Structures are given as C-alpha cells and as structure tokens.
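Written out below as structure tokens is the structure these notes cover.
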Amino acid sequence: MRYRHVLDFERPLVELETKLEELRSLDLAEHPELLEEIDRLTQEIEALHESTYSDLSAWEKVQLSRHPDRPKTQDYLETIFTDVVELHGDRLYGDDGAVVTALATIAGRRVAVAGHRKGKNIRENIARNFGMVHPEGFRKAMRLMRLADKFGLPLVTLIDTPGAYPGIEAEERGQAWAIAESLALLGGLGVPVVAVGIGEGGSGGALAIGFGDRLIMLENAYYSVITPEACASILHKDSEKASEVASCLALTADDLLRLGIADEIVPEPLGGAHRDPAPVFQEVRERIVSVLDGLAGVPAQELVEKRYERLRSIGVIDESAG
Amino acid sequence: MPDGVWSKCEGCRRIVYAGQLADNLRVCPHCGHHSDLTAIERIDLLADPGSFVELDAELTSCDPLRFVAAKAYVDNLAEARERCGLAEAVLCGRASISGHPVVLGAMDFRFIGASMGSAVGEKVARAFETAVSERRAVVFSTASGGARMQEGMLSLMQMLKTSAAVRRLAEERVPYISILTNPTTGGVTASFAVLADVVLAEPGALVGFAGPRVIEQSIKQHLPKGFQTSEFLLEHGMVDDVVPRGQLLARVTLLIDYLTGGGGEAS
Ligand SMILES: [Zn+2]
Numbered sequence: 011m012r013y014r015h016v017l018d019f020e021r022p023l024v025e026l027e028t029k030l031e032e033l034r035s036l037d038l039a040e041h042p043e044l045l046e047e048i049d050r051l052t053q054e055i056e057a058l059h060e061s062t063y064s065d066l067s068a069w070e071k072v073q074l075s076r077h078p079d080r081p082k083t084q085d086y087l088e089t090i091f092t093d094v095v096e097l098h099g100d101r102l103y104g105d106d107g108a109v110v111t112a113l114a115t116i117a118g119r120r121v122a123v124a125g126h127r128k129g130k131n132i133r134e135n136i137a138r139n140f141g142m143v144h145p146e147g148f149r150k151a152m153r154l155m156r157l158a159d160k161f162g163l164p165l166v167t168l169i170d171t172p173g174a175y176p177g178i179e180a181e182e183r184g185q186a187w188a189i190a191e192s193l194a195l196l197g198g199l200g201v202p203v204v205a206v207g208i209g210e211g212g213s214g215g216a217l218a219i220g221f222g223d224r225l226i227m228l229e230n231a232y233y234s235v236i237t238p239e240a241c242a243s244i245l246h247k248d249s250e251k252a253s254e255v256a257s258c259l260a261l262t263a264d265d266l267l268r269l270g271i272a273d274e275i276v277p278e279p280l281g282g283a284h285r286d287p288a289p290v291f292q293e294v295r296e297r298i299v300s301v302l303d304g305l306a307g308v309p310a311q312e313l314v315e316k317r318y319e320r321l322r323s324i325g326v327i328d329e330s331a332g
Numbered sequence: 070m071p072d073g074v075w076s077k078c079e080g081c082r083r084i085v086y087a088g089q090l091a092d093n094l095r096v097c098p099h100c101g102h103h104s105d106l107t108a109i110e111r112i113d114l115l116a117d118p119g120s121f122v123e124l125d126a127e128l129t130s131c132d133p134l135r136f137v138a139a140k141a142y143v144d145n146l147a148e149a150r151e152r153c154g155l156a157e158a159v160l161c162g163r164a165s166i167s168g169h170p171v172v173l174g175a176m177d178f179r180f181i182g183a184s185m186g187s188a189v190g191e192k193v194a195r196a197f198e199t200a201v202s203e204r205r206a207v208v209f210s211t212a213s214g215g216a217r218m219q220e221g222m223l224s225l226m227q228m229l230k231t232s233a234a235v236r237r238l239a240e241e242r243v244p245y246i247s248i249l250t251n252p253t254t255g256g257v258t259a260s261f262a263v264l265a266d267v268v269l270a271e272p273g274a275l276v277g278f279a280g281p282r283v284i285e286q287s288i289k290q291h292l293p294k295g296f297q298t299s300e301f302l303l304e305h306g307m308v309d310d311v312v313p314r315g316q317l318l319a320r321v322t323l324l325i326d327y328l329t330g331g332g333g334e335a336s
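From first to last, the protein sequence lines are chains A and B. Sequential numbering from 11 applies to the first sequence in the working numbering. Sequential numbering from 70 applies to the second sequence in the working numbering.
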C-alpha cells in the first residue's frame with residue numbers, strides 16, 4: 011500500500027480500510043464466508059467516512075489545511091493559469107523561496123499572481139522554508155504589486171503559510187517593516203485584487219498578501235490571528251490545548267464569512283481538496299474569473315475607495331458610552 | 070519603608086527613590102534605564118499642558134467571539150478598565166506640541182498588553198482620518214504585545230485597516246512621527262507603528278515582529294544580547310534615531326517643524 015499521511019482524526023477510518031484491504035487480498039474462493047464480512051465492513055467504512063469528514067471541528071480543518079498532499083500554490087499555477095512567467099527576487103537582498111510571484115493568464119485574462127509557496131516534500135520544504143516568509147519574500151511580493159499597479163494587471167493572491175518566519179535574520183532585515191509596507195501597498199493598489207485562502211492563513215505573514223476586493227476561502231482553509239498552538243501556549247501555557255483554542259479563534263472559512271471578512275467559500279470534496287483536486291481547481295478558476303470580470307473597468311480610485319470602506323467596516327465595537 | 074517610596078531599577082538593580090524617578094521622567098538616574106510609562110504619562114510628556122482633547126473616548130471593545138480560554142475576554146476587559154482607568158489600550162486626541170496642532174496617540178501596555186483589537190484599530194484609523202481632514206501632523210507613542218488574540222481575525226484585520234489609514238495620510242502629505250517604546254511587537258509593529266515618515270525609538274526598548282521567546286523556540290538557540298532593542302534596530306537601519314526620553318519633546322518639535330514646511334524658521 012502506498013504511504014499515506016494520516017491525520018489523528020482519520021485514524022479509526024484508516025484502520026478499517028486497512029483491514030478491508032487485508033481481507034480482499036485473501037483468496038476468496040477458498041474463504042467464501044469472508045464475502046459477508048467484506049460487505050459489512052464496506053458499509054461500515056462508508057458510514058464512518060461520512061461521519062468522519064462531515065461537521066469537521068475547527069482543529070480538524072486546521073489539520074486538513076496542513077495536509078502534505080493538499081494542493082499547493084504551485085499546483086494552482088500549473089492547473090488554473092497558463093503562460094506563467096515567474097519573476098524572481100526582491101532587488102534588495104534575495105529570492106525568497108517561500109513566496110512565488112509571476113505574471114500569468116487565467117481564462118484569457120492577464121493577471122499578476124503572488125502566492126505563499128510550501129513544498130510537497132522535505133527537500134522542497136527546506137528550500138521554501140515550509141512556506142514561512144522572510145522580509146525579502148514580502149518585498150518580492152511588493153515588487154509584483156507595484157508592477158501590477160503600474161501596468162493595470164489585476165492581482166490574484168494565493169494564501170498558504172504557517173506565518174512570517176520568526177528568526178534572527180528576519181528581524182535584522184525588518185520583518186515588521188516588510189509586512190507593514192506590504193499592507194499599506196495592498197490597500198492602495200489601483201487594480202482589482204482577489205485573494206484566495208487555499209490552505210493555511212497564518213497571521214501577519216498571510217495578511218501581507220492576503221486580502222483584497224474579494225476574499226475567497228476554500229472550505230477547509232483557515233485564516234487566523236495566531237496559530238492555535240501558539241495561542242494555547244500563551245493563554246493556557248499548554249500547546250496541547252490547541253484543539254480547544256482553535257474553536258475559540260473563529261478561524262474557519264465559515265467563521266470568516268460570518269464576520270464579514272471572507273466573501274465566498276469554495277466547497278471541497280469530503281475528506282479535503284487532495285482527495286479530488288480537479289473540481290476544486292475548476293471552481294477556484296471560475297470564482298476568480300467571475301470576480302475579475304465583475305471588477306473589470308472599475309476606475310482605480312473607486313477600487314481603492316471601496317477597498318478602504320470594506321476594511322473600515324471590519325471590526326466589532328461599542329460606542330454606546332463606556 | 071512604605072511601598073512605592075523606593076524601587077529597584079530593572080536596569081542596574083540599584084535603589085531609586087520614587088520622587089527622584091518621577092523628576093527624571095522615570096529614567097533611572099544611575100544607569101539611564103527607561104521605565105515604562107502609562108498612556109497618560111506619554112501624552113503629558115509631549116502635549117502642551119491642557120491641550121489634549123481625547124477623540125472617541127467612548128469607543129470600547131466588545132466580545133464578538135465570546136472568547137473564553139483560561140479566562141473570559143469580558144473579564145480581561147473589565148479588569149483592565151478597572152486597573153488602568155482607561156476604556157481601551159490606546160488614547161488618541163487633538164493636542165498641540167510646542168504650539169503645533171497635532172493628533173497625538175499613546176498606547177498603554179497595562180491594558181491587555183496594549184494589544185490591538187477592533188476598538189484599538191478603529192480609534193487609530195479614526196485618529197489618522199482626523200489628521201487628514203484637519204491637516205494635523207500625527208505623533209504616536211506605540212507599545213503593544215501585538216494583535217488581540219481574543220478577537221481572532223477581527224484583530225488581524227486591524228493591521229490592514231490602520232496601515233491603509235496611514236497610506237491615506239501619506240498621500241495627503243500630512244507628516245507622521247512614531248515613537249516606538251518598550252515593548253512594541255507583533256501586529257502593531259507590523260502595521261501603523263513603523264509606517265511613519267520618521268520612526269524614533271526610546272533607548273533599550275524591545276521592538277520587533279516575533280517575540281523573543283517565539284524566536285528562541287523556533288531556532289532552538291539563545292538570542293544574542295541586545296537583540297531586538299532600539300539600538301539593534303538603529304544599527305540595522307530600521308529606525309531614524311534612538312532618542313532619550315528627556316530629549317523627545319525637543320526632537321519631535323523640531324521634526325514637526327521641518328515636515329510642516331519649516332514654519333518656525335531657525336534663528
Ligand atoms: Zn538603573
């Protein structure tokens with residue numbers, strides 16, 4: 011059997027599936043009595059499959075969003091875009107592997123694409139720092155944003171990062187400065203901006219390229235002010251409480267929709283996008299194109315104003331007199 | 070001796086008398102260690118006496134996520150209000166600094182680590198908007214542990230909201246001076262705090278994106294001495310200057326003067 015990454019909450023299901031496979035590998039002509047057992051097990055698996063993957067908790071979704079087989083930015087670039095021209099480097103320090111920037115075409119529309127880039131295996135992940143961005147990655151994205159603005163190319167961003175990298179060099183090169191400047195730039199772009207949460211949305215590192223005129227979230231993608239583990243270790247001094255904290259943080263696509271931060275949700279096949287990526291790619295492509303078409307021809311100033319109003323409306327406050 | 074009459078300096082561990090410390094802007098007379106100030110003390114340090122008029126004083130946080138982890142957010146809020154005598158972690162208002170009309174802001178670390186939730190973000194954004202419409206320079210003393218976790222994504226979005234507000238200020242060429250004080254980290258550093266035209270920092274302040282403990286856990290080694298201090302940032306080209314508290318008012322005044330067209334010509 012091919013190696014398969016199993017999440018904790020999938021374990022009971024996988025145990026049954028393994029048992030079924032073992033039974034099937036036996037010579038059934040010799041053991042006809044097993045046929046009934048196989049039938050029973052198949053039904054049990056079907057039911058368990060349904061119950062395992064329906065009504066996922068926030069923490070289960072976080073785990074799914076990090077699944078190693080989950081489609082990554084690179085997969086989207088290869089499937090929903092054509093004529094992709096990658097642009098490297100920030101012109102200041104280096105070329106951060108955790109961010110990819112490119113000019114690309116989606117259903118005939120020319121766009122600029124910036125995405126967090128995680129790897130699919132250890133080797134790729136080391137080269138890409140597991141999608142954790144250094145300042146040069148944000149500055150690379152800013153280069154693309156300026157280019158998009160200058161030449162009137164709509165910006166599409168793909169969000170999938172555990173967060174900005176917490177390290178010595180990242181601080182030395184101004185991690186906070188890079189994120190802040192990216193946020194200010196994003197706010198003022200005179201071209202349509204569509205952000206798509208495809209996996210992990212880890213805090214400021216996600217936000218730096220993670221918002222626009224429309225935020226599309228995949229069903230099992232998350233977006234959070236802090237990772238549940240880090241939040242649990244601060245508030246409970248216990249990172250094991252991550253699952254509990256995850257449901258408090260309002261980090262799922264549904265939560266974001268309810269809070270007026272996300273605009274739409276792309277459904278995923280039962281068990282996650284990696285189970286059957288093709289329809290997910292197609293749906294994401296259609297949603298992006300539809301947003302782009304809706305915003306085509308809107309004057310730059312109006313885009314910026316509308317985006318600002320949208321940002322200004324996010325938050326819940328009390329002004330009734332303290 | 071009664072409590073509050075003397076304390077041990079966190080910098081040099083020497084005894085400092087309360088009166089002595091107060092007279093010296095809470096800077097240790099022995100080693101120059103800068104103790105944290107409250108938001109009101111920050112305002113008093115810079116504003117012309119009696120000039121500060123608070124904006125949005127009634128604006129406060131709610132508990133939109135009904136957040137409970139270890140402690141309920143509503144209890145955190147109630148305690149912070151009680152202890153600090155403030156409605157929120159930031160004070161913003163109109164004021165004058167050496168006669169210059171400004172919008173002045175200051176954060177209070179005692180209030181849930183001066184973390185930025187919806188209310189802080191909203192007050193900060195409105196402060197910048199007031200500055201744009203009245204063409205007043207902005208002076209902001211920052212201190213913060215980052216985004217307010219208890220408001221989840223609503224807090225994270227305040228980084229973008231405040232950054233976009235600063236961008237509008239910049240577009241209108243209204244000057245903005247920030248003063249990074251101990252400690253300024255996380256989402257506040259990575260948004261409006263460092264987007265100023267001139268960024269100053271107080272000596273010895275901890276300023277950065279990730280907190281030192283988070284970095285140590287991530288890289289599994291101890292951090293070099295002086296890492297993420299104001300002086301470290303100056304050395305790495307991230308701030309314009311490190312200014313001792315006693316010189317802040319004069320420095321800020323001179324900067325506003327330059328950035329508002331040099332109205333108060335040198336004699
Ligand atoms: Zn001292």
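For glycine and all other residues, C-beta sits at the position ideal for the given N, C-alpha and C. As the structure is a prediction and not an experimental result, all values here were calculated from the model.
Taking only heavy atoms of ligand 1 into account, decide whether any of them is closer than 6 angstroms to the Cβ of residue i.
| i | result |
| --- | --- |
| His99/B | yes |
| Gly80/B | yes |
| His144/A | no |
| His102/B | yes |
Where DSSP assigns a beta bridge to residue i, which residues make up the other side?
| i | result |
| --- | --- |
| Phe209/B | Gly174/B and Ser247/B |
| Lys128/A | Lys128/A is not bridged to any residue. |
| Val122/B | Arg163/B |
| Val276/A | Leu228/A |
| Val310/B | The sequence shown places Asp at residue 310/B, rather than the Val named in the question. The partner list for Asp310/B (beta bridge, DSSP) reads Leu269/B. |
| Trp75/B | Tyr86/B |
| Ser130/B | Ile327/A |
| Ala114/A | Val121/A |
Use the C-beta contact count for residue i: other C-beta atoms within 10 angstroms, 16 or more gives buried, fewer gives exposed.
| i | result |
| --- | --- |
| Ile275/A | buried |
| His291/B | exposed |
| Phe161/A | exposed |
| Glu46/A | exposed |
| Leu36/A | exposed |
| Ser247/B | buried |
| Ile136/A | exposed |
| Ala286/B | The question names Ala, but residue 286/B in the sequence shown is Gln. That one is exposed. |
| Thr231/B | buried |
| Ser315/B | It should be pointed out that residue 315/B corresponds to Gly in this sequence rather than to Ser. Burial call: exposed. |
| Leu173/B | buried |
| Met70/B | With a pLDDT of only 44 at Met70/B, under 50, the local geometry of the prediction cannot be trusted, and no value is derived from it. |
| Asp106/A | buried |
| Leu106/B | buried |
| Ile324/A | buried |
Take residue i as the anchor and find which of the options has the nearest alpha-carbon.
| i | options | result |
| --- | --- | --- |
| Ser64/A | Gly281/A, Gly129/A, Leu261/A and Phe221/A | Gly281/A |
| Val26/B | Glu110/B, Met226/B, Cys153/B and Gly306/B | Residue 26/B lies beyond the residue range present for chain B, which begins at 70 and ends at 336; the question has no answer from this structure. |
| Ser7/A | Leu66/A, Leu302/A and Leu38/A | The requested residue 7/A does not occur in the structure, where chain A is confined to residues 11 to 332. |
| Phe261/B | Ala196/B, Glu148/B, Arg179/B and Phe301/B | Ala196/B |
| Arg135/B | Asp125/B, Leu146/B and Leu128/B | Leu146/B |
| Ala190/A | Gly255/B, Val201/B, Lys294/B and Arg204/B | Gly255/B |
| Glu27/A | Thr52/A, Phe19/A, Leu195/A and Leu165/A | Thr52/A |
| Asp273/A | Leu228/A, Leu313/A and Arg138/A | Leu228/A |
| Leu74/A | Met155/A, Asp170/A and Arg297/A | Asp170/A |
| Ala183/B | Ile284/B, Ser213/B and His99/B | Ser213/B |
| Cys81/B | Ala206/B, Val257/B, Cys100/B and Leu249/B | Cys100/B |
| Leu199/A | Glu182/A, Gly220/A, Leu17/A and Pro164/A | Pro164/A |
| Ile166/B | Thr298/B, Arg242/B, Lys77/B and Phe121/B | Phe121/B |
| Glu241/B | Phe180/B, Val208/B, Gln227/B and Glu203/B | Glu203/B |
| Gly280/B | Gln185/A, Val255/A and Arg317/A | Gln185/A |
| Glu312/A | Val203/A, Ser213/A, Phe221/A and Val326/A | Val203/A |
| Glu271/B | Val85/B, Cys78/B and Leu94/B | Leu94/B |
| Arg153/A | Lys130/A, Ala288/A, Arg119/A and Ala218/A | Ala218/A |
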